[in-house]
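At the far end of the sequence shown sits residue 1453, using the working numbering, and the numbering has no gaps.
The beta-carbon is built from N, C-alpha and C at its ideal position, and this holds for glycine as well.
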Amino acid sequence: MIDYMEQQLLSRFQELIQQGEKLVPEGGLEFSGYNAKMQSQYLLWRKNCLDVLSKAGDKATPLREKITKDENGAYFYQNSAQLILDTIRQSQPMIEAAAKKSAASAPAPAKTAAAPPKATTPAPAPKHEAPKQSQSQSMAQPVTQPTAPPAPASVSKQVFVLSSSETELQSQLTGFLKEINIEPIVFKRSAAADAIVTFFEQYPTVKFAYYLFSADDNHNVMFELGYLVGRIGPNRIVCIHKKEDTPPKGVPGIAYKEIVVKLEEISFGLIKDLKAAGFSVSI
């Protein structure tokens, strides 16, 4: 007979399936970006599913690995969530078998043994006091103060966003960065080539930049991209553009990301780039 604890496990299993059936349709598609707003809810559900599978025994290990080896599994895509839901459904016979096995192997309650006769308590041994130190000896003992741990180094959470005008793409990018706990420092590019130099000198600790390119941009594009590589370093500048706008690609050390309609199409790639650059991203 399945006891209360095993029944709780089976109830939890059914609850996770019901949650998954409601959650999966809310996930983002690969071409439109993952669902960042429900990311934390998805991760909690995913963790609980893995915990339930761990209680199903060794036979469920391949199913757990199927979930943990999903490259996009840490992000709320529909296909990743569907994979978890399908895997959980597959494991139902294992969960039920594990519950029954646990109930069958539970030991019967032991009989209460008679209390042994009380032993006579021996008289306490006389206490021997340690010799007292003299006042001069006590003062000679140095007192060791605990050393405080060093304060952690502050990590910059700022990135540059360079755009020639306030566009829908700029609004989408700054909103997305704030959502993942990254602070955008917006610079509006102008016809003056040295404007970018003066602006960047105000932020010496910022080491990552997004360059938003459009077909109407001025002739300073090559200079600005080259300056960014020299100022920040290679592989820390991402040039974002729409499919119909082709930016110049003669500058090494620049990553190019193309979108068709909106920024969500490349959101997963943006997060991967930030993590590779050492940023701590909240999702």
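If contacts are defined as beta-carbon pairs under 8 Å, then residue i and residue j qualify, I think. What distance do you get, rounded to the angstrom?
i: isoleucine 1407; j: glycine 1396; result: Rounded, the Cβ-Cβ distance is 10 Å, inconsistent with contact.
i: glycine 1166; j: tryptophan 1215; result: This structure cannot settle anything about residue 1166, because the visible part of the chain is limited to 1171 through 1453.
i: tyrosine 1212; j: alanine 1251; result: 6 Å
i: glutamate 1394; j: isoleucine 1366; result: 6 Å
i: lysine 1419; j: tyrosine 1426; result: 7 Å
i: serine 1334; j: aspartate 1387; result: 5 Å
To which residues of the same chain is residue i closer than 8 Å at the C-beta, ignoring the five residues directly before and after it?
i: valine 1399; result: Ile1407, Val1421, Pro1422, Gly1423, Ile1424
i: phenylalanine 1383; result: Val1391, Cys1409, Ile1410, His1411, Asp1415, Pro1417
i: lysine 1413; result: Glu1428, Ile1429, Val1430
i: isoleucine 1352; result: Lys1327, Gln1328, Val1329, Leu1444, Phe1449, Val1451
i: alanine 1362; result: none
i: leucine 1220; result: Arg1234, Ile1237, Thr1238
i: arginine 1259; result: Ile1187
Between residue i and the rest of its own chain, which residues show a CB-CB distance below 6 Å, the 5 nearest in sequence each way excluded?
i: leucine 1444; result: Val1451
i: leucine 1347; result: Pro1354
If you run the structure through DSSP and keep just helix, strand and coil, what is residue i?
i: alanine 1379; result: strand
i: valine 1451; result: coil
i: glycine 1190; result: helix
i: tyrosine 1245; result: coil
i: asparagine 1218; result: helix
i: lysine 1239; result: coil
i: valine 1421; result: coil
i: arginine 1401; result: helix
i: lysine 1442; result: helix
i: lysine 1229; result: helix
i: alanine 1267; result: helix
i: threonine 1257; result: helix
i: serine 1384; result: coil
i: methionine 1208; result: coil
i: arginine 1182; result: helix
i: arginine 1406; result: coil
Using DSSP's beta-bridge definition, name the partner residues of residue i.
i: histidine 1411; result: Glu1428
i: glycine 1198; result: Tyr1247
Take residue i and list the residues in its own chain whose beta-carbon comes closer than 7 Å to its own, dropping the five residues that flank it on each side.
i: alanine 1230; result: Leu1223, Ser1261, Met1264
i: isoleucine 1254; result: Gly1190, Arg1216, Cys1219, Ile1237
i: threonine 1344; result: Val1331, Pro1354, Val1356
i: arginine 1182; result: Val1222
i: arginine 1401; result: Phe1370
ask   = Counting only runs that start and end within the segment 1323–1371, where is the alpha helix (DSSP H) found for 4 or more residues in a row?
value = 1338–1349, 1365–1370
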